[in-house]
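Structure record follows, encoded as structure tokens.
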Amino acid sequence: MSDKHPLYFTIHGHFYQPPRENPWTGVIENQPSARPFHDWNDRIASECYSPNSASRILSEHGHIVDIVNNYDFMSFNMGPTLMSWIRTNTPETYKRIQEADKRSRERLNGHGNAIAQVYNHVIMPLASEQDKRTQIHWGIEDFKFHFGRMPEAMWLAETAINLDTVVELIKAGIKFTILSPTQADSFRKLGDSEWKGCANTDIDTTRPYRIFPRDKEGNLVCDGYLDVFFYNPWLSSAVGFEHLLRNADTFGGRIRDAWDANREDPQLVSIGTDGESYGHHEPFGDMCAAWLYNRYAPEHNMVPVNYGWYLEKFPPQHEVLLKNFHGEGCAWSCAHGVGRWYRDCGCSTGGGPDWNQKWRGPLRDAFNHLKALADEIFINELQHLTAVDPWDVRNKYVDVLIAPGDSYRLKSFLNATLLHPHDPDECAKAVRLLEIQKFCMFSFTSCGWFFNDIEGLEPVQNMRYALRAMELLKPFLPEGRDIKAEVLEILAKATSNEHKWSGAEVFKKSAEEDVPAFVKQMAERAAIYHLGLEDDYLNKDYRLTASKISSRRRQTIVYTTYNDLTIDEHHASTILVLNDALGRVNLVVCNGDPRECGLSFVDNPNMTTEELKAAFPEAYVVRMRDLMSDSLKRINQLSTQRHLTEVTKTFSKFALDHGIPIDCLADPDHTLPDTMRKILSLEINAKIHHLALTYLDTPKDEDFARIHELIDEAKALDTTFSFGGTGRMFHRKLMGLIENVERNQDEASVRHITGLITVADWLELYIDKTTLENKVFPIYKKFMEDPNGKLAALKPMFDWLNFEVPHA
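Quick note: the sequence shown uses my numbering, first residue 165, plus one each step.
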């Protein structure tokens with residue numbers, strides 16, 4: 165290898181998920197396809213985003229010897245909508261991502277590994293000038309909020325780019341971006357006049373290039389330039405499709421093969437990858453990257469750097485011209501410019517032999533029609549509320565978006581932009597107009613066109629954003645103007661592949677809800693009152709209020725209101741909640757207060773859902789099981805908190821109270837009726853569960869021994885364990901105990917930890933050991949400094965968590 169320049173390499177990870185929040189609640193709903201996780205963000209965070217922030221390096225025995233942060237060495241972008249989710253839902257991962265960027269700046273002369281991204285992944289060449297500007301500005305400000313600095317670069321959705329996009333990036337202060345070499349048309353050395361063609365990927369990807377914003381005649385459109393790195397197409401593809409992340413030695417060897425040891429000039433092996441490859445698409449891919457960065461690279465004189473550092477040290481010597489630069493532009497995933505996002509260009513992700521993507525045109529046309537109207541109204545209405553240019557107001561609105569629910573930020577924004585910030589009506593009108601703009605732009609999220617059918621999850625999600633925008637637009641429309649009908653008329657021109665539905669039918673079947681979200685939210689609050697759980701209900705949405713009017717024989721009437729003052733949206737409902745003899749709960753939701761709607765108790769609380777619909781034709785009738793899945797989750801958690809201990813005690817005396825011996829379960833001929841067998845099995849489970857919960861709170865040796873005895877008894881009687889949810893309780897307790905040990909090395913906490921992990925193994929509980937390992941790792945490092953010292957009593961915990969532990 166050259167003495168002058170080592171092998172520099174950069175692996176970029178594009179970490180992104182489209183916005184998946186319910187437009188009416190701001191919360192991602194349960195997604196069954198992501199099970200056993202709540203939703204796809206949750207699943208991929210567990211498999212990828214979090215593991216990369218704390219990746220395991222294992223010994224030859226398969227035990228943990230080190231935990232490292234891959235973001236320390238990897239160039240990466242986190243989509244703004246994803247980063248916001250990570251901040252809220254996985255705060256420890258969020259913190260480690262921030263720390264990694266800070267450490268990379270310290271290591272690489274002020275250049276951080278993180279780069280920005282256009283806000284919600286719209287195809288920039290297809291966006292209007294103002295939308296381009298907003299997407300870039302929102303992406304920059306979001307980045308500054310999370311990382312505390314100006315980004316040097318910006319990732320473009322699908323790497324889609326053209327002249328207009330380049331101009332806006334330059335004006336915003338962006339220095340460089342990352343593209344596919346398939347997007348390069350020709351290049352030349354700076355100062356030369358002759359171009360060399362490279363349309364067939366014949367371009368050296370080990371060096372940076374410069375893009376000058378010239379028009380077709382060669383005239384500069386604006387001052388400045390944008391630098392660009394092209395990723396190695398074969399290595400990048402191999403990560404995704406040839407399983408390079410299964411073996412760090414193989415991956416490292418391929419990187420070395422891409423570097424020419426005979427060249428004297430500096431070279432950067434640049435690899436562009438889908439961030440989800442590191443653990444989600446390729447299980448344990450994060451561990452391969454960790455070994456590559458921390459073991460293989462140092463041993464082979466390979467230096468991981470980021471693009472900003474390399475650009476400062478080795479600025480471009482060549483200029484590049486991109487394909488379709490003065491037209492619709494180009495993208496990495498479309499061989500036809502950016503046709504994939506507005507026409508049937510031939511690019512798709514498969515499907516049946518007769519499938520096509522003609523639906524793409526009407527889908528974009530429908531959203532363009534909505535956006536044109538929304539833009540017109542936005543300008544006309546907002547100019548009366550502010551002295552600031554309306555588009556500048558929209559750009560500044562990101563200060564509110566980056567921290568949803570922060571009332572101080574909202575107030576500061578309104579004070580800085582409105583003529584009358586103390587007028588609640590004008591404030592609500594302005595925010596409503598800005599929310600319309602946000603939802604319209606969200607409807608253009610690129611994933612809605614990428615796949616093979618308009619019935620897919622992504623196009624439907626975009627439709628939901630468009631629907632929310634249309635709802636918010638209603639107060640601004642002239643009487644008789646039905647924007648939804650206009651949008652549906654355009655969507656009707658599309659035909660789905662799977663069921664041959666029109667786009668309008670897809671919209672009605674999948675994007676629209678039979679029962680509005682706010683109705684379900686109010687119904688949840690009514691159900692909580694009916695079930696007597698209101699005292700423990702902490703997850704209160706400030707927009708919702710509820711009060712119990714009266715109750716009688718399995719029936720409750722609750723008055724609820726929904727008031728979102730920020731956008732002047734208000735609803736009031738009176739709700740009759742009733743449960744039948746089987747415990748099924750129905751909710752009858754009528755508009756208005758009790759006097760207006762005249763809702764009263766029914767004579768027979770055992771009425772079916774259909775009977776109630778017939779009796780209350782003007783009301784929404786909802787079964788509790790049909791509420792939002794997160795509503796059921798909250799109700800179950802409250803019910804468990806309130807009743808679990810009592811229920812386990814009740815079942816713990818069933819055999820004695822009814823004179824039925826537990827030993828009856830041992831009958832090999834199974835003469836005991838199945839109902840009785842299940843109840844007796846449940847009794848053993850209940851006793852074990854009750855003791856486990858008692859031991860969880862207060863560890864006593866006699867309870868520990870009793871649990872062991874009952875576990876052996878249950879196994880002898882061939883009963884099945886069922887302790888769903890208990891693992892989470894154990895996890896929470898262990899996290900607290902580990903904190904005690906970390907602070908005080910408390911002996912009682914040590915004993916409790918070892919007892920709990922033993923009980924957890926006996927009960928075969930599922931416990932999230934990954935977060936426990938992360939929590940324990942600093943203690944483990946102290947333990948390894950003196951394995952026989954004062955932390956030696958924690959060896960069982962380290963063993964349980966699969967750390968490498970020396971044994972005498």
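We put the beta carbon where it would ideally sit given N, CA and C, even for glycine.
Answer yes or no: do residue i and residue j have a C-beta to C-beta separation smaller than 9 Å?
| i | j | result |
| --- | --- | --- |
| MET788 | LEU751 | yes |
| ASP539 | GLN294 | yes |
| PHE201 | SER214 | no |
| ILE304 | ILE325 | no |
| THR369 | PRO397 | yes |
| ALA736 | THR724 | yes |
| CYS452 | LEU399 | no |
| ASP728 | MET771 | no |
| GLY501 | GLY491 | yes |
| LEU320 | THR329 | yes |
| SER497 | PHE615 | no |
Answer with buried or exposed for residue i, where buried requires no fewer than 16 other C-beta atoms within 10 angstroms of its C-beta.
| i | result |
| --- | --- |
| TRP359 | exposed |
| TYR572 | exposed |
| ARG798 | buried |
| LYS864 | exposed |
| HIS310 | buried |
| ARG427 | exposed |
| TRP306 | The residue asked about is misnamed: residue 306 is Asp in this sequence, not Trp. Counting Cβ neighbours within 10 Å, ASP306 comes out buried, since at least 16 surround it. |
| PHE531 | buried |
| MET314 | exposed |
| GLU873 | exposed |
| LEU537 | buried |
| ALA136 | As shown, the chain starts at 165 and ends at 972. That puts residue 136 outside it, with no answer to give. |
| PRO447 | exposed |
| LEU844 | buried |
| PHE351 | buried |
| ASN364 | exposed |
| ALA778 | exposed |
Apart from the five residues just before and just after residue i, which ones in its own chain have a Cβ nearer than 6 Å to its Cβ?
| i | result |
| --- | --- |
| SER166 | Unreliable positioning characterises SER166 in this predicted model, as indicated by a pLDDT of 45, which lies under 50. The coordinate reading is nonetheless provided below. The answer is none, since no qualifying residue turns up. |
| LYS657 | PRO526 |
| GLU698 | ILE692 |
| ALA280 | GLY303, ILE304, PHE307, PRO315 and MET318 |
Check residue i in the structure and name its three-state DSSP category.
| i | result |
| --- | --- |
| MET165 | Because the pLDDT of MET165 is 43, which lies under 50, any placement of that residue in the model is unreliable, and the number read from its coordinates should be weighed accordingly. MET165 falls in the coil class under three-state DSSP. |
| TRP613 | helix |
| LEU955 | coil |
| ARG645 | coil |
| PRO863 | coil |
| ASP349 | strand |
| GLN294 | helix |
| ILE279 | strand |
| HIS176 | strand |
| CYS474 | Going by the sequence as given, residue 474 is Tyr instead of Cys. TYR474 falls in the helix class under three-state DSSP. |
| SER803 | helix |
| TYR258 | helix |
| ASP589 | helix |
| HIS735 | strand |
| GLY416 | helix |
| HIS971 | coil |
| ASN383 | coil |
Using a Cβ-Cβ cutoff of less than 7 Å, which residues in the same chain neighbour residue i once the five nearest sequence positions on both sides are dropped?
| i | result |
| --- | --- |
| SER268 | ASP236, GLY276, ASN277 and ASN470 |
| THR581 | THR550, VAL552, VAL557 and LYS560 |
| ARG507 | ARG524 and GLY525 |
| ASP700 | LEU802, GLN805 and ARG806 |
| LEU272 | VAL469, ASN470 and TRP473 |
Give a yes or no on whether the minimum CB-CB distance between residue i and chain D is below 9 Å.
| i | result |
| --- | --- |
| ASN544 | Any reference to chain D falls outside this structure, which holds one protein chain only. |
Could you pull out every residue in the same chain whose Cβ sits closer than 8 Å to the Cβ of residue i, ignoring the five residues on either side in sequence?
| i | result |
| --- | --- |
| GLY889 | THR804 |
Next on the checklist: Under 8 Å, with one C-beta from each stretch per pair, do the region 214-228 and the region 244-263 reach the 3-pair mark?
Outcome noted: Verdict: yes, contact present.
Checklist entry - Pairing CB atoms from the region 672-683 with CB atoms from the region 692-705, are three or more of them under 8 Å? => result With the cut-off at 8 Å, the region 672-683 and the region 692-705 do not touch.
Checklist entry - At a cut of 8 Å, does the region 595-603 reach the region 636-649 through at least three beta carbon pairs? => result With the cut-off at 8 Å, the region 595-603 and the region 636-649 touch.
Next on the checklist: I'd like to know if the region 864-874 and the region 895-907 are in contact, where contact means that at least 3 CB-CB pairs between them fall below 8 Å.
Outcome noted: With the cut-off at 8 Å, the region 864-874 and the region 895-907 do not touch.
Checklist entry - Are the region 680-687 and the region 657-670 touching, with three or more C-beta to C-beta distances below 8 Å? => result Three or more beta-carbon pairs separated by less than 8 Å are not found between the region 680-687 and the region 657-670, which leaves the two stretches without contact.
Next on the checklist: Using a Cβ distance threshold of 8 Å, determine whether the region 755-772 contacts the region 664-674, with at least three qualifying pairs required.
Outcome noted: Too few Cβ pairs lie closer than 8 Å, so no.
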